[in-house]
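Just so you know, the sequences run in chain order A and B. Note that our numbering has the first sequence beginning at 1367, numbered continuously upward. Note that our numbering has the second sequence beginning at 34, numbered continuously upward. For glycine and all other residues, C-beta sits at the position ideal for the given N, C-alpha and C. Take a look at the structure below.
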Amino acid sequence: MGKTIAEKILSEKSGSDAKAGDIVIARVDLAFVQDTTGPLTIRQFQTSGMTLANPGKTVLFIDHAVPSPNANLSNDHIFLREFARQSNCILSEAGEGVCHQVVIETYACPGDVVVGSDSHTVTAGGLGAFATGMGSSDVAVAFGLGKNWFRVPESLQIAVSGNFQKGVSAKDLILHLIGKIGADGATYKSLEFSGDTVNNMSMSGRFTVANMAVEAGAKVGLFPADEKTAAYLEGEGRGSDYQPLAADADAEYEKTIEIDASKLEPTVSKPHTVDNTALAKELKGTKIQQVVIGTCTNGRLEDLAVAAGILKKKRPARDLRLIIAPASRSVLLDAIAMGYIAELVEAGAIILPPGCGPCLGLHQGVLGDGETCLSTANRNFEGRMGNPKGFIYLASPATAAASALTGEITDPREVL
Amino acid sequence: MLQGKVHKFGDSISTDHIIPGRYAHLRSNLPELAKHVLEDADVDFVNKVKEGDFVVGGSNFGLGSSREHAPLVIKMAGVSAILAKSVARIFFRNAINLGLPVLICDTDKINDGDELEIDLAAGTIKDLTNGTELTFGKIPDVMLAILDDGGLIPYIHKHGDIKL
């Protein structure tokens, strides 16, 4: 019997014939933390008495609170910098970008096992890495032992065919899928994407889909590594990190879910769960006071290009804040070079430093009581954007940009 | 044997309900952070909870973030076990890694305020208030070993390695 991508990677990294349901100890190729989970990880690590197994593959990211909004978080940053200096591990400084974006640009390779103390670590599944979020203790163990234990997940095959309609993108696909299977529809499982839509999908789109695998409860969201992956890594100056990777034709899946991409329409998650989906056109008339375009879900160049295309030479609706959160310094530089940033700023946008921005409610766009935000991020839980009296809708960059123009949730096909 | 009172919550209690992101600046000051445990699900929970009590949820308890601070503040509140119909993957591992048992069972039969008696070794839950008896799903051996040592870090401290 053939293997899924998850089984292949965990077999290779555990030196065993790993099958769904097995528990294996696998080597970890990259382990990282960010500034809100890192201090606990490091304290756990120091308590355990271990030393770093692989300092060159251990990364501390300062990305969630950048620049720091208060002294406590600044002190956490000092703590991370001091640990990096003493232990010789890598520090990704404030302004470099969201950990997940920097991981795909710089570190993760197809076939790697990547663990990070952030649930959206799954993003690197877009280039074929078994990348999964873990808590501080588990990442501390990966820091010290260069390995950890994993349950080999059962896989759901998501077979996607057909071309997206104009105004529909990878974000609509993943929101549709989560709406269909539920926020716990893939708990403990691997989502493995295939089909002609997936083969044709840009790397940026693949990362958007993989990023949100955890919103269906999945352990990983995996894409095959193919020519597009090779070209992406080449573009990042690390073509030699490429290796092709795909599931065997006779791999065993728990279930196959078929999706016709040509039938998808702009999709939105309503408060307060990601699986509470509706079509954008069904929500026409829903007033919004803030639009966020960016984050690790949709803060790449392709996303900013879509937003700039819709917003250039226009103004957002009255009383609406338009916030742009580029996913990394590299994305921001490219967006400046392409003229997107100028177009967005002329259209009234506030450009945030590369980082997590308002996504988790720390700063930079906290909602007021009763306010509603349409965001391209990945989570709309109660209180997520810093105020339990706020309301968050999730959508694609096209839907978010179109809605910024009208001040209410708008199907982007109305403006394209 | 664990005994205590039930604090019942609904489905989809997220890590943002348990410890909201807006308190991220308190994560290096755990006693202060712990004052906000489950604040966005029940603002009064922190005042009601007593040593040994149980947090009982519905489906997909602990979905969302990987923040280990979520099970940590529940543990710091004195809670001796979490019971739910289903639990999000990262939260489940994090709780066990802190030595906090998470038991998967049919929580529809348990009501807020009930008194429970739980035998971890036997795998049984007795609702002393309404007489219901429940069993819970098997915890993998590697997790039982971690629980036995009081969490993953004490386990590593003791064994120096992970063994299956």
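Classify residue i as buried or exposed, calling it buried when 16 or more other Cβ atoms lie within 10 Å of its own Cβ.
i, result
"Met34 of chain B", "exposed"
"Glu1471 of chain A", "buried"
"Ser1430 of chain A", "The question names Ser, but residue 1430 of chain A is His in the sequence shown. Buried: at least 16 other Cβ atoms inside 10 Å."
"Thr1417 of chain A", "exposed"
"Gln1400 of chain A", "buried"
"Gly1601 of chain A", "exposed"
"Met176 of chain B", "buried"
"Leu1327 of chain A", "The requested residue 1327 of chain A does not occur in the structure, where chain A is confined to residues 1367 to 1782."
"Gly111 of chain B", "exposed"
"Thr1643 of chain A", "buried"
"Pro1778 of chain A", "buried"
"Arg60 of chain B", "buried"
"Pro64 of chain B", "exposed"
"Met1751 of chain A", "buried"
"Lys81 of chain B", "exposed"
"Asn1529 of chain A", "exposed"
"Gln1801 of chain A", "Outside the displayed range of chain A (1367 to 1782) lies residue 1801 of chain A, so it cannot be described from this structure."
"Lys196 of chain B", "exposed"
"Asn1514 of chain A", "buried"
"Glu1624 of chain A", "exposed"
Would residue i pass as an interface residue toward chain A - the criterion being a Cβ-Cβ separation below 9 Å?
i, result
"Pro64 of chain B", "no"
"Gly146 of chain B", "no"
"Ile107 of chain B", "no"
"Leu177 of chain B", "no"
"Asn163 of chain B", "no"
"Leu131 of chain B", "yes"
"Leu59 of chain B", "yes"
"Leu96 of chain B", "yes"
"Asp141 of chain B", "no"
"Glu101 of chain B", "yes"
Are the C-beta atoms of residue i and some chain B residue less than 9 Å apart?
i, result
"Met1578 of chain A", "no"
"Gln1452 of chain A", "no"
"Leu1511 of chain A", "yes"
"Gln1467 of chain A", "no"
"Asp1777 of chain A", "no"
"Pro1637 of chain A", "no"
"Phe1449 of chain A", "no"
"Thr1553 of chain A", "yes"
"Lys1585 of chain A", "yes"
"Asn1420 of chain A", "no"
"Ser1685 of chain A", "The residue asked about is misnamed: residue 1685 of chain A is Asp in this sequence, not Ser. Not one chain B Cβ lies under 9 Å of Asp1685 of chain A."
"Met1416 of chain A", "yes"
"Pro1435 of chain A", "yes"
"Thr1413 of chain A", "yes"
"Asp1735 of chain A", "no"
For the alpha helix (DSSP H) holding residue i, just list the boundary residues, first then last.
i, result
"Asn1566 of chain A", "1562 to 1566"
"Thr1663 of chain A", "1661 to 1664"
"Ala1438 of chain A", "Sequence inspection shows Asn at residue 1438 of chain A; the Ala mentioned does not correspond to that position. Where Asn1438 of chain A is concerned, the enclosing alpha helix (DSSP H) stretches over 1437 to 1453."
"Gly1601 of chain A", "1593 to 1601"
"Glu1378 of chain A", "1371 to 1380"
"Thr1407 of chain A", "1404 to 1414"
Give the range of the beta strand (DSSP E) segment to which residue i is assigned.
i, result
"Tyr1759 of chain A", "1757 to 1760"
"Asp1669 of chain A", "No beta strand (DSSP E) contains Asp1669 of chain A, which is instead part of the alpha helix (DSSP H) from 1667 to 1677."
"Cys1787 of chain A", "The structure shown does not extend to residue 1787 of chain A, since chain A is modelled only from 1367 to 1782, so the question has no answer here."
"Lys118 of chain B", "Looking at the DSSP string, Lys118 of chain B is not in any beta strand (DSSP E), and its letter there is neither H nor E."
Would you say residue i reaches chain C, if we count a Cβ-Cβ gap shorter than 9 Å as a contact?
i, result
"Pro134 of chain B", "The structure shown contains no chain C; its protein chains are A and B."
- Message: Under 8 Å, with one C-beta from each stretch per pair, do the stretch 1626 to 1644 of chain A and the stretch 1721 to 1733 of chain A reach the 3-pair mark?
- Response: No, the stretch 1626 to 1644 of chain A does not touch the stretch 1721 to 1733 of chain A.
- Task: Note down, in chain order, all residues in the stretch 113 to 128 of chain B with a beta-carbon under 7 Å from any beta-carbon belonging to chain A.
- Result: Near chain A, meaning a CB-to-CB distance below 7 Å, the residues of the stretch 113 to 128 of chain B are Ser119, Ala121, Arg122, Ile123, Arg126, Asn127.
- Identify each residue in the stretch 1385 to 1407 of chain A for which the Cβ-Cβ distance to at least one residue of chain B is less than 7 Å, and report them in chain order. Cβ contacts with chain B: Ile1389, Ile1391, Thr1402, Thr1403, Pro1405, Leu1406.
- Message: Could you check whether the stretch 1593 to 1602 of chain A touches the stretch 1561 to 1579 of chain A, counting it as contact only if at least three pairs of C-beta atoms, one from each stretch, sit closer than 8 Å?
- Response: By the criterion of at least three beta-carbon pairs nearer than 8 Å, the stretch 1593 to 1602 of chain A is in contact with the stretch 1561 to 1579 of chain A.
- Does the stretch 1482 to 1494 of chain A come close enough to the stretch 1580 to 1587 of chain A to have 3 or more Cβ pairs within less than 8 Å? The stretch 1482 to 1494 of chain A vs the stretch 1580 to 1587 of chain A: in contact.
- Task: State whether the stretch 1723 to 1739 of chain A contacts the stretch 48 to 55 of chain B, with contact taken as three or more CB pairs (one from each stretch) at a distance under 8 Å.
- Result: Segment contact: the stretch 1723 to 1739 of chain A against the stretch 48 to 55 of chain B, three or more CB-CB distances shorter than 8 Å; contact assigned.
- Message: Across the stretch 1521 to 1533 of chain A and the stretch 118 to 134 of chain B, are there enough close Cβ pairs to call them in contact, namely three or more that are closer than 8 Å?
- Response: Per the Cβ contact rule, the stretch 1521 to 1533 of chain A is not in contact with the stretch 118 to 134 of chain B (fewer than 3 Cβ pairs under 8 Å).
- Item | Residues of the stretch 1711 to 1731 of chain A with Cβ closer than 7 Å to any Cβ of chain B, in chain order | So the list reads Leu1726, Gly1727, Leu1728, given in the order they occur along the chain.
- Message: Any contact between the stretch 1401 to 1412 of chain A and the stretch 1372 to 1380 of chain A? By contact I mean 3 or more CB pairs, one from each, below 8 Å.
- Response: Contact fails: fewer than three Cβ-Cβ distances are below 8 Å.
- Message: Using a Cβ-Cβ cutoff of 8 Å, what residues of the stretch 1498 to 1525 of chain A are near chain B? List them in chain order.
- Response: Answer in chain order: Gly1499, Met1500, Gly1501, Ser1502, Ser1503, Asp1504, Ala1506, Val1507, Gly1510, Leu1511, Lys1513, Asn1514, Trp1515, Arg1517.
- Query: How about the stretch 1476 to 1487 of chain A and the stretch 80 to 94 of chain B: do they share at least three Cβ pairs that are nearer than 8 Å?
  - Reply: With a cut-off of 8 Å, the stretch 80 to 94 of chain B and the stretch 1476 to 1487 of chain A do not count as touching, because too few Cβ pairs lie within range.
- Message: Across the stretch 1660 to 1670 of chain A and the stretch 38 to 46 of chain B, are there enough close Cβ pairs to call them in contact, namely three or more that are closer than 8 Å?
- Response: The stretch 1660 to 1670 of chain A vs the stretch 38 to 46 of chain B: no contact.
- When Cβ atoms are compared, which residues of the stretch 44 to 57 of chain B fall closer than 7 Å to chain A? Cβ contacts with chain A: Ser45, Ser47, Asp49, His50, Pro53, Gly54, Arg55, Ala57.
- Item | contact_flag[the stretch 1527 to 1546 of chain A, the stretch 1428 to 1445 of chain A] where n(CB pairs < 8 Å) is 3 or more | Not touching, per the Cβ criterion.
- Task: With 8 Å as the C-beta to C-beta threshold (strictly closer), list the residues of the stretch 179 to 196 of chain B near chain A in chain order.
- Result: Under the 8 Å Cβ criterion, the stretch 179 to 196 of chain B contributes Gly184, Leu185, Ile186, Ile189, His190, Asp194, Ile195.
- Message: For the stretch 1753 to 1778 of chain A, list every residue whose C-beta sits within 7 Å of some C-beta in chain B, in sequence order.
- Response: Residues of the stretch 1753 to 1778 of chain A that bring their beta carbon within less than 7 Å of a beta carbon in chain B comprise Pro1754, in sequence order.
- Message: Counting only Cβ-Cβ distances shorter than 7 Å, please list the residues of the stretch 1475 to 1495 of chain A near chain B, keeping chain order.
- Response: Taking 7 Å as the Cβ-Cβ cut-off against chain B, the residues of the stretch 1475 to 1495 of chain A that qualify are Ser1483, Asp1484, Ser1485.
- Task: Report the residues of the stretch 69 to 85 of chain B with a CB closer than 9 Å to any CB of chain A, ordered along the chain.
- Result: Answer in chain order: Glu72, Asp73, Ala74.
- Message: Can you confirm whether the stretch 1710 to 1719 of chain A touches the stretch 1685 to 1692 of chain A when touching is taken to mean that 3 or more C-beta pairs between the two stretches lie within less than 8 Å?
- Response: Taking one beta carbon from each stretch, the stretch 1685 to 1692 of chain A and the stretch 1710 to 1719 of chain A have 3 or more pairs nearer than 8 Å; the two touch.
- Item | the stretch 1525 to 1539 of chain A: positions lying closer than 7 Å to chain B by Cβ | For the stretch 1525 to 1539 of chain A, the beta-carbon criterion of a distance under 7 Å to any beta-carbon of chain B is satisfied by none of its residues.
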